[in-house]
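Colleague:
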Amino acid sequence: MRLNLPALLFVIPFLTAVALPLIGLFRKHWCWSVALASLSMMHVMSLMAFNHTLEMGPIRYPLGGWLPPIGIEWRLDGFSGLAMVLISLVALVAVVYAGPGVRTTLAHKAAHLYTLVMLLISALTGMVMTADLFNLFVFLEVTALTGYALVAVAGGRAMLAAFRYLILGTIGASFYLLGVGYLYAATGTLNMADLAEKLPGLWGSTAVLTGLVFIIIGLGIKMALVPLHGWLPDAYAHAPEAISPLLASLITKVALVALARIMFWILGPDVIWDEVPVMVYLGWIGAIATLAGAFLALSEQNIRRTFAYGGISHVGLVVMGISLGNLTGFAGGIFYLMTDAVMQLGLFFVAGAMASHYGVREVAEVAHLRGRTPWMTAALIVTALSMVGIPPTGGFFGKWYILMGALEMKNYVAVGVIILGTVLTLAYFVRILEKMFVEGSTVTRQDASDLPWEMRFGMGTVTAGLLLFGIFSDPVISFIRTVAAPPGF
Amino acid sequence: MNWVLETVLRRPNFLAFILLFLFGLHIMVADKHLIRKLIGMYLVQTGLMLFFITQGVKTGSTVPILLTSELPVQPAAYANPIPAALMLTAIVVGVATLGVAFALVISIYRQYQTLEEDELVRKMQ
Amino acid sequence: MDLIVTLPLLMLVLLTAAGAVFVKDLIASVLILGAYSFFLALLWAWQGAVDVAFTEAVVGAGLSTVFFLLTLFSVAQKETTRRSYRFSWLLMSGLMMLGLLMVYGAQGLPPVGDPTSPPNVHISPVYLERSFEETRTPNVVTSVIMDYRGFDTLIETTVIFTAGIATSLLLWRHKA
Amino acid sequence: MIQSHDSLVVQTLGRLVIPVIQLYSVYVLFHSQFGPGGGFVGGVLFGASMVLTLLIFGAGHANGLIEQMAFRADGLGLLLFLGVGTLCIFFGELFFDYAALQLPGFDPASRRSFGIVVTQIGVAMDISVVTVLIFFCLSPELEGSWKNELGA
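Chains as they are written, first to last, in the numbering used here: chain A, 9 to 497; chain B, 6 to 130; chain C, 12 to 187; chain D, 3 to 154.
Below, the structure written as structure tokens:
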């Protein structure tokens, strides 16, 4: 059974997804609990799998028993194990939080909604573990389709946002598939390990280069890297309040994990800075994305859009981190990616609670919240500290290691970008927080009901998580450096 | 520019693929009618399939259905099955995306009575 | 020479594709799109991918067309005949660059129909050689999609399932 | 509610054509190991025959059996597919290794062949159900009452 851990990790959420419509026919209010039970089980298994990779080394799982170049291969190593733990935990907290929101606004659609959520989670699981380029494409499509539907279910403007997301998402998937096609035509294989063996002789081939460029464009759209980020702010700002934390924290990050997998495990660290200098260009794009995202966040009036642009800026920062060219930068980037998933979760938790319980959607309205919501304010402050990068939070250490990596490489542009990005992030959080603390609110509104325990639980977990990330940053970083680092670094 | 012509003229399938893909992409982005965007999307997806199938063509081969009377099998006699298998998957994925897109289009139309993007944005203000 | 068959089919494909976009009435353009799928299916049948051709004829020419028509029937006629297109030099130049990139990459592609190209010699011969003895399935495409790469098919069925769930989620009308 | 078509010609033709389509779809499904076809095509064809039934005989035909199926059986095919795959784990082998299916008197190759047939049926079931489901959701005359009952 231990050998089958990768498959079981996928099967648990997937089986729940398939069973939920049937459960929903008889007991609609069970769906949430069933989803939670399944996610907790998945989390326990992901910890087991993680432990297994630490003790016994990576699992290469050939689906159907066909050895890798013939069949589809999954790979559970330190990198994907870490990502699995993160995904299952973030998803668990996000689904706990979604409970009351779905119950109040979307109760009659709960069964289908949770089906899509579980499908999304199982597809993300697959995207992290797969070691086959075409399998990755199919998972990308499942993720995207569930994403479109989950955004659109809010109705109204969300539907147009979802339609645009669909158009851009399909363009992204098509570019990715086109890139895979070029690589396939040049090498004849789709398996990542096999490609890694075949590619070294082919760096002169124009088909390989073009294929890589198209794969980067395709995944760039999926992870909202700046010139290609158009779909994200609208989609996440109009998605249902209960669901948007899940979407915002995971979808772009997992696409980024897939890109890192392709860059570092297929091409390898020796190649991507010298023979095929894709990472040099990606680093520049990441730097531009960091600043552009932060500027856009500063100029935005809607709270959720502000936070969405903050996420875009951080995707750029992670890309810049992993493309610095040394292990410190890579470890810092991956650490920041994990922290950012939690930070986005926290920001959208707070924004969702503001919108659904206090009717606050614009930055200017934040003053209404003054002194009424200690829980939420505390969560917002800790998340904001982490977003800006102030110690003892996880965000500080992520930025710190990226900064160290940049200094090691004497890449002073990256240092400047990190500092400027920090200043801009500080600026847009000060703009929100000053409304809450400095400007006196004269408007007294009807006191909203206190937040349900699920929401408080979500915010509390995120707060604790960010502080824990800060306290335990050393072991996590050294873990990434030793176990989750790509071979050859 | 000579290499462009040379590369393209030796591969008529590839030329058709590029035209379909870029034309579809262009319609997806530049046309403001939601359904025509989806027609563009359909062209992009089928164009990609054309590209893949072309990789599996072998001159002098037949369809990849084995003649069991002639064992052992000569691989050179049959076309490459992998692109066909991949594109079967891609066709179904494409039609599923279309289905969801139409669901979106219809629910947009039911609420706003228009399918023109700029007009929609205006009505949503 | 198989260009005698391929070239006219390719031209028909391109013509119908252009027709589908340029015709004014969307219902007509959807029907032209059906013809487009059909010509593609013919082309693929000629190129040796019969399974894809069959599926494209049923799913592409049949099912997609039905979906398009159902959508068009539920909107008013005013919507099916209007045009709104915005020309943009930025987009055009971007597409130009993409096209050049594709052609640049195509220089490294093996010639069409080359029996010694990497895709034709690397893994696919293994499937052809072993399909019958390992799975008792003469149709290699079936054995690849259902067994060797069966997991892809599971996910693909999931895509369909997702589409079903998503459509009913979006279009179900409930009593409050 | 989709009304039944009142023309006798259409109804008679429907009675003739629908069984033929269904027979053909089953043929395509089971013959796919030896010729072109497979779960997708078979499923879509079967779904098309059911859609045709709806269009000709109306949505209330046979106690709304097809509608009931479309809205409730979504996922059964997938469950079958996944079940076969998961069964392989329980027989002690890897996910989707059909050779692990303990069928007495079958050698590994025939077990794989059997696995292919069963999973094809799963695919076909799922696709035909979803075809009908999407058809229902997209069709313009959707103010029916049965739908509300199901959704409640």
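Quick reminder that beta carbons are idealized off the backbone N, C-alpha and C, glycines included.
If you run the structure through DSSP and keep just helix, strand and coil, what is W383 (chain A)?
Modeller: Here residue 383 (chain A) is taken as the residue at index 375 of the first sequence, counted from 1. Reduced to three states, the DSSP call for W383 (chain A) is helix.
Colleague: Report the partner residues of T138 (chain A) according to the DSSP bridge assignment.
Modeller: For the purposes of this step, residue 138 (chain A) is taken as residue 130 along the first sequence, with counting starting at 1. Partner(s): A:W82.
Colleague: Taking the runs of the alpha helix (DSSP H) that are 4 residues or longer, which of them lie wholly in the region 132 to 181 of chain A?
Modeller: Listed in chain order, the complete alpha helix (DSSP H) runs (minimum 4 residues) inside the region 132 to 181 of chain A are 141 to 160.
Colleague: Report yes or no: do three or more beta-carbon pairs, one from the region 71 to 90 of chain D and one from the region 98 to 115 of chain D, lie closer than 8 Å?
Modeller: As far as the Cβ criterion goes, the region 71 to 90 of chain D touches the region 98 to 115 of chain D, which means the pair count is three or higher.
Colleague: So, helix, strand or coil for T197 (chain A), using DSSP?
Modeller: What you label residue 197 (chain A) is simply residue 189 of the first sequence in a count that begins at 1. Coil, per DSSP.
Colleague: For I123 (chain D), would you say it is in contact with chain B, using Cβ-to-Cβ distances shorter than 8 Å as the test?
Modeller: Taking the first residue of the fourth sequence as 1, we reach residue 123 (chain D) at position 121. No, no contact with chain B.
Colleague: Determine, using beta-carbon pairs with one atom in the region 153 to 162 of chain A and one in the region 41 to 58 of chain A, whether at least three such pairs fall under 8 Å.
Modeller: No: the two stretches stay apart, fewer than three of their Cβ pairs being nearer than 8 Å.
Colleague: Output, in sequence order along the chain, the residues in the region 34 to 49 of chain D whose CB is closer than 8 Å to any CB in chain B.
Modeller: Cβ contacts with chain B come from F36, G37, P38, G40 and F42.
Colleague: Nearest-angstrom Cα distance between L441 (chain A) and G324 (chain A)?
Modeller: Taking the first residue of the first sequence as 1, we reach residue 441 (chain A) at position 433. Taking the first residue of the first sequence as 1, we reach residue 324 (chain A) at position 316. The straight-line gap from Cα to Cα measures roughly 24 Å.
Colleague: For P106 (chain D), which of helix, strand or coil comes out of DSSP?
Modeller: Along the fourth sequence, one-based indexing puts residue 106 (chain D) at 104. Three-state result, P106 (chain D): coil.
Colleague: Give me the Cα-Cα distance between W82 (chain A) and M137 (chain A), rounded to the nearest whole angstrom.
Modeller: Against the first sequence, residue 82 (chain A) aligns to sequence position 74. Against the first sequence, residue 137 (chain A) aligns to sequence position 129. Roughly 5 Å between the two C-alpha positions.
Colleague: Under the three-state reduction of DSSP, which class applies to N7 (chain B): helix, strand or coil?
Modeller: In the second sequence, the residue the question calls residue 7 (chain B) occupies position 2. Here N7 (chain B) sits in helix by DSSP.
Colleague: Keeping to the same chain, check which residues put their C-beta closer than 8 Å to that of L30 (chain B); ignore five residues upstream and five downstream.
Modeller: Taking the second sequence and counting its residues from 1, the one referred to as residue 30 (chain B) is at position 25. So the list reads G45 and V49, once near-sequence residues are dropped.
Colleague: Kindly list, in the order they appear in chain A, the residues whose Cβ is closer than 9 Å to that of T51 (chain B).
Modeller: Looking up residue 51 (chain B) in the second sequence gives position 46. The contacting residues do not exist; T51 (chain B) stays about 11 Å from chain A at best.
Colleague: In terms of residues, what are the limits of the alpha helix (DSSP H) holding P88 (chain B)?
Modeller: On the second sequence, residue 88 (chain B) is found 83 positions in, with the first residue counted as 1. Counting along the chain, the alpha helix (DSSP H) containing P88 (chain B) begins and ends at P86 to Y117.
Colleague: Consult DSSP for R35 (chain A) and reduce its assignment to one of helix, strand or coil.
Modeller: Here the question's residue 35 (chain A) lines up with position 27 in the first sequence. Correct three-state label for R35 (chain A): coil.
Colleague: Measure the Cβ-Cβ separation of K261 (chain A) and V374 (chain A) and say whether it is below 8 Å.
Modeller: Locating residue 261 (chain A) in the first sequence gives position 253, where the first residue counts as 1. Locating residue 374 (chain A) in the first sequence gives position 366, where the first residue counts as 1. In this structure, V374 (chain A) does not lie closer than 8 Å to K261 (chain A) by Cβ.
Colleague: Going along chain D in order, which residues have a C-beta closer than 9 Å to the C-beta of I70 (chain B)?
Modeller: Counting from 1 along the second sequence, the entry for residue 70 (chain B) is found at position 65. Here the neighbours are F36, G37 and P38.
Colleague: Suppose you measure from the CA of S182 (chain A) to the CA of Y114 (chain B); what does that come to, to the nearest Å?
Modeller: Against the first sequence, residue 182 (chain A) aligns to sequence position 174. Against the second sequence, residue 114 (chain B) aligns to sequence position 109. Using only the alpha carbons, I get a separation of about 27 Å.
Colleague: Can you tell me which of the three DSSP states G153 (chain D) falls into?
Modeller: Along the fourth sequence, one-based indexing puts residue 153 (chain D) at 151. With a pLDDT of only 42 at G153 (chain D), under 50, the local geometry of the prediction cannot be trusted, and the value read off the model is given with reservation. In the structure shown, G153 (chain D) sits in a helix (DSSP, three-state: H, G or I).
Colleague: Please state the DSSP three-state secondary structure of R17 (chain D).
Modeller: Locating residue 17 (chain D) in the fourth sequence gives position 15, counting from the first residue. In this structure, R17 (chain D) counts as helix in the three-state DSSP scheme.
Colleague: Any C-beta of chain B sitting closer than 8 Å to the C-beta of L332 (chain A)?
Modeller: Here residue 332 (chain A) corresponds to residue number 324 of the first sequence, with the count starting at 1. No, L332 (chain A) does not count as interfacial toward chain B.
Colleague: For K186 (chain C), does the count of other Cβ atoms within 10 angstroms reach 16, so buried, or fall short, so exposed?
Modeller: For the purposes of this step, residue 186 (chain C) is taken as the residue at position 175 of the third sequence. Residue placement at K186 (chain C) is flagged as unreliable, the pLDDT there being 37, under the threshold of 50; a coordinate-derived value is accordingly withheld.
Colleague: From the beta carbon of V216 (chain A), is the nearest beta carbon of chain C less than 8 Å away?
Modeller: As a position in the first sequence, residue 216 (chain A) is number 208, starting the count at 1. Closer than 8 Å to some Cβ of chain C, the Cβ of V216 (chain A) qualifies, so yes.
Colleague: For chain D, check one thing: does any of its Cβ atoms lie closer than 8 Å to the Cβ of A15 (chain A)?
Modeller: Here residue 15 (chain A) refers to the residue found at position 7 of the first sequence. Interface residue, yes.
Colleague: Given the structure, does L144 (chain A) come close to the ligand FAD, in the sense that its CB is under 7 Å from one of the ligand's heavy atoms?
Modeller: Here there are no bound small molecules, and the ligand FAD is not part of this structure.
Colleague: Pull up the distance between the alpha-carbon of G473 (chain A) and that of V350 (chain A), whole angstroms please.
Modeller: Mapped onto the first sequence, residue 473 (chain A) falls at position 465. Mapped onto the first sequence, residue 350 (chain A) falls at position 342. Going from the Cα of G473 (chain A) to the Cα of V350 (chain A) covers about 7 Å.
Colleague: Please say whether P121 (chain C) and T64 (chain B) have beta carbons closer to each other than 8 Å?
Modeller: Residue numbering aside, residue 64 (chain B) sits at position 59 when the second sequence is read from its first letter. Residue numbering aside, residue 121 (chain C) sits at position 110 when the third sequence is read from its first letter. No, the Cβ-Cβ distance between T64 (chain B) and P121 (chain C) is not below 8 Å.
Colleague: Taking the continuous beta strand (DSSP E) assigned at Y69 (chain A), which residues delimit it?
Modeller: Start at 1 with the first residue of the first sequence, and residue 69 (chain A) comes out as number 61. Here the beta strand (DSSP E) through Y69 (chain A) covers I67 to P70.
Colleague: With burial defined as no fewer than 16 other Cβ atoms inside 10 Å of the residue's Cβ, what is the status of T14 (chain D): buried or exposed?
Modeller: Residue mapping note: residue 14 (chain D) aligns to position 12 of the fourth sequence, counting from 1. The residue in question, T14 (chain D), is exposed, as its Cβ has fewer than 16 Cβ neighbours within 10 Å.
Colleague: Could you please tell me which residues of the region 71 to 91 of chain D, in chain order, have their CB closer than 7 Å to any CB of chain A?
Modeller: Cβ contacts with chain A come from R74, D76, G77, L80, L81, L84, T88 and I91.
Colleague: Taking just the CA atoms, how far does V61 (chain C) sit from R141 (chain C)?
Modeller: Within the third sequence, the letter at position 130 stands for residue 141 (chain C). Within the third sequence, the letter at position 50 stands for residue 61 (chain C). Going from the Cα of R141 (chain C) to the Cα of V61 (chain C) covers about 20 Å.
Colleague: Which residues, in chain order, does the region 100 to 119 of chain B contribute to contact with chain C at a C-beta distance below 8 Å?
Modeller: The region 100 to 119 of chain B vs chain C, Cβ under 8 Å: V100, A101, T102, L103, G104, V105, F107, A108, L109, V110, I111, S112, Y114, Q118 and T119.
Colleague: Ignoring anything shorter than 4 residues or poking outside the region 92 to 162 of chain C, list the alpha helix (DSSP H) runs there in chain order.
Modeller: You should have 100 to 117, 129 to 132, 135 to 146 and 151 to 154.
Colleague: Under a three-way DSSP split, which group does D202 (chain A) fall into?
Modeller: Within the first sequence, the letter at position 194 stands for residue 202 (chain A). The answer is helix: DSSP assigns D202 (chain A) an H, G or I state.
Colleague: Identify the contact partners of A52 (chain C) in chain B, using a Cβ-Cβ distance below 9 Å as the criterion.
Modeller: For the purposes of this step, residue 52 (chain C) is taken as residue 41 along the third sequence, with counting starting at 1. The premise fails here: A52 (chain C) is roughly 10 Å from chain B at the closest Cβ pair, so nothing lies under 9 Å.
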